[in-house]
Each structure stands twice: as C-alpha cells, then as structure tokens.
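Please read the structure below before turning to the comments.
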Ligand code: ATP
C-alpha cells in the first residue's frame with residue numbers, strides 16, 4: 010500500500026549475517042531499521058543504522074508498535090534459534106509484507122520457511138559454498 014515505508018528495510022537479528030547485510034544496505038543509501046534482542050548487539054549498531062531497537066521480535070504487538078507492519082521489505086537474520094526465526098517470519102507474513110527475506114541454517118529450516126510463504130530464503134553457508142566453487146572455477150555467477 011502507499012502507506013508502507015517504501016525505501017527502507019527492516020532487519021531483524023543483527024548477527025554476522027543480518028549485521029553485515031544492514032551495514033551494506035546503509036552504505037548503498039537504503040534506510041535500515043535494525044531490531045535485536047541483545048543489548049550489546051544493539052549498542053554496537055547504535056548510530057550506524059537509521060534506527061536500532063532492542064526488542065523481542067517474536068512479539069507481534071511489539072512489532073506493530075515499532076511500525077514493522079508498514080515496511081515493504083524485511084529480512085529475518087535469526088538462524089540458530091529456529092523457533093524465533095519461524096515466529097518472526099510468520100508475523101511478517103501475517104502483516105502481508107510484500108517482500109520477506111529469511112535466513113535458513115539447515116535444509117529442513119529452509120523448507121519450513123518456504124512452506125510458510127517466505128519470498129526469498131537464503132542459506133549463507135550453502136549458497137556461499139556454491140558461489141565459492143564458481144569463483145574457484147573462474148566463473149563468477151550472480152544469483153539469488
Ligand atoms: P549469525 O550467524 O548471523 O551471527 P546465527 O545464525 O548464529 O547468526 P542467531 O544467533 O540465532 O543466528 O541470531 C542472530 C541474531 O538475532 C542475534 O544477534 C540475536 O541476538 C538475534 N535474535 C535472536 N532471537 C531474537 C528475537 N527473538 N528477537 C530479536 N532478535 C533476536
């Protein structure tokens with residue numbers, strides 16, 4: 010809808026994956042709202058993203074209060090806590106966010122995210138293994 014936050018991305022989970030993704034979006038001129046449950050992570054990103062909030066993103070009311078339901082594009086960078094990954098992702102899909110990206114750490118995790126209706130599932134280790142093979146062979150292929 011026209012009310013959605015058009016040129017901005019909400020990144021939930023600012024670990025190695027979500028954190029570097031958020032910083033790269035910022036360096037390329039995209040506004041980023043970062044959300045993480047960890048105080049120290051939030052402090053380390055303070056002033057580096059458009060906004061950073063410490064919150065448990067599995068809480069639907071909290072997400073609404075933060076305006077996460079208004080974003081056109083969202084990324085779930087939570088991996089090892091699969092329950093949190095699934096809960097947060099299902100909230101974003103319930104908000105009818107038109108472009109949800111989510112990280113998976115195993116094949117079954119990826120399968121569940123796809124069944125939920127996630128638009129783009131990323132498995133950094135698997136995808137980077139494939140990409141590195143291409144780099145080794147000298148064919149730099151862009152995908153995803
Ligand atoms: P990476 O490899 O990207 O560092 P990971 O696969 O180890 O991450 P996790 O540690 O599960 O993934 O989560 C990444 C980030 O998500 C962490 O900074 C963690 O604090 C945050 N996180 C985990 N659960 C929640 C939650 N319920 N709400 C908000 N942030 C969360």
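Numbering (full-length UniProt numbering), first residue to last: 10 to 153.
All residues carry an ideal CB built from backbone N, CA and C; glycine is no exception.
Cα-Cα separation, residue i to residue j
{"i": "residue 142", "j": "residue 91", "result": "28 Å"}
{"i": "residue 11", "j": "residue 17", "result": "Only weak support exists for where residue 11 lies, its pLDDT of 47 falling under 50; the value from the coordinates is given anyway. Their backbone Cα atoms lie some 13 Å apart in a straight line."}
{"i": "residue 54", "j": "residue 97", "result": "21 Å"}
{"i": "residue 99", "j": "residue 39", "result": "24 Å"}
{"i": "residue 24", "j": "residue 36", "result": "18 Å"}
{"i": "residue 33", "j": "residue 105", "result": "25 Å"}
{"i": "residue 60", "j": "residue 44", "result": "9 Å"}
{"i": "residue 42", "j": "residue 57", "result": "10 Å"}
{"i": "residue 47", "j": "residue 124", "result": "29 Å"}
{"i": "residue 137", "j": "residue 121", "result": "21 Å"}
{"i": "residue 112", "j": "residue 101", "result": "14 Å"}
{"i": "residue 78", "j": "residue 129", "result": "18 Å"}
{"i": "residue 65", "j": "residue 72", "result": "9 Å"}
{"i": "residue 95", "j": "residue 147", "result": "37 Å"}
{"i": "residue 133", "j": "residue 127", "result": "16 Å"}
Closer than 7 Å: residue i CB and nearest the ligand ATP heavy atom
{"i": "residue 47", "result": "yes"}
{"i": "residue 27", "result": "yes"}
{"i": "residue 90", "result": "yes"}
{"i": "residue 23", "result": "yes"}
{"i": "residue 43", "result": "no"}
{"i": "residue 138", "result": "no"}
{"i": "residue 1", "result": "Nothing in the structure corresponds to residue 1, since the chain is present only between 10 and 153."}
{"i": "residue 78", "result": "no"}
Test item: CB-CB of residue i and residue j under 8 Å
{"i": "residue 27", "j": "residue 76", "result": "no"}
{"i": "residue 20", "j": "residue 30", "result": "yes"}
{"i": "residue 109", "j": "residue 89", "result": "no"}
{"i": "residue 81", "j": "residue 107", "result": "yes"}
{"i": "residue 93", "j": "residue 67", "result": "yes"}
Sheet register partners of residue i (DSSP bridge)
{"i": "residue 45", "result": "63"}
{"i": "residue 82", "result": "18, 108"}
{"i": "residue 129", "result": "110"}
Per-residue burial, residue i [other beta carbons within 10 Å of its own, 16 or more giving buried]
{"i": "residue 70", "result": "exposed"}
{"i": "residue 131", "result": "buried"}
{"i": "residue 145", "result": "exposed"}
{"i": "residue 103", "result": "exposed"}
{"i": "residue 139", "result": "exposed"}
{"i": "residue 153", "result": "Residue placement at residue 153 is flagged as unreliable, the pLDDT there being 48, under the threshold of 50; the coordinate-derived value follows with that caveat. Its Cβ having fewer than 16 others within 10 Å, residue 153 is exposed."}
Closer than 7 Å: residue i CB and nearest the ligand ADP heavy atom
{"i": "residue 116", "result": "In terms of ligand content, the structure shown lacks the ligand ADP and carries the ligand ATP instead."}
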